[in-house]
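In our numbering, the protein residues as written are 2 to 104.
We put the beta carbon where it would ideally sit given N, CA and C, even for glycine.
As the structure is a prediction and not an experimental result, all values here were calculated from the model.
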Amino acid sequence: MSRRRISKAAAKKIARERMDILLQLAENEMRENRGSYSRKYVELACRISMRYNTPMGKHKRSYCPKCRSYFVFPKNASVRLKNGRIVITCAECGNVSRYPFKR
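Written out as structure tokens, the structure is:
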């Protein structure tokens with residue numbers, strides 16, 4: 002007997018659920034000062050996102066794009082508003098992310 006294939010829509014839905022679970026685990030681990038586990042969970046979520054071509058959505062700004070550490074403010078990141086932008090600085094690697102902001 003052959004295995005039944007999952008439709009693309011169902012696969013993407015499962016991928017989104019897995020990404021949400023992994024990012025929740027990453028947040029919990031970072032709050033308990035276990036950054037290495039947190040980075041692994043974020044890395045897995047990013048790989049799932051790339052494999053199934055699904056966007057990270059609301060979680061895109063929740064982690065550092067360089068070192069993949071999950072942000073728990075003010076523990077490992079700082080947020081500033083400068084010149085109409087949100088500036089997030091990672092305390093782990095020093096990476097600066099800037100996002101547009103309208104009041």
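DSSP state of residue i mapped onto helix, strand, coil
i, result
"Tyr42", "helix"
"Cys91", "strand"
"Arg19", "helix"
"Arg1", "Lying outside 2 to 104, the shown extent of the chain, residue 1 is not represented and no answer is given."
"Arg86", "strand"
Assigned exposure category for residue i - 16 Cβ within 10 Å defines buried
i, result
"Val43", "buried"
"Ser50", "buried"
"Ala10", "exposed"
"Phe102", "exposed"
"Ser79", "exposed"
"Ile15", "exposed"
"Phe74", "exposed"
Cut-off 8 Å between Cβ atoms - residues of its own chain near residue i, not counting five sequence neighbours on either side
i, result
"Pro56", "Ser50"
Given residue i as reference, the closest of the options once Cα atoms are compared
i, options, result
"Glu93", "Asn34, Ala16, His60", "Asn34"
"Lys83", "Asn96, Lys76, Phe74, Tyr100", "Tyr100"
"Leu23", "Arg5, Val88, Ile7, Arg69", "Arg69"
"Ile7", "Lys76, Tyr53, Asn96", "Tyr53"
"Arg62", "Arg4, Arg5, Val97", "Val97"
Boundaries (first-last residue) of the beta strand (DSSP E) holding residue i
i, result
"Val80", "78-83"
"Ser98", "97-101"
Residues near residue i by beta carbon distance below 6 Å, same chain, minus five either side
i, result
"Arg40", "Arg69, Ser70"
"Cys65", "Cys91, Asn96"
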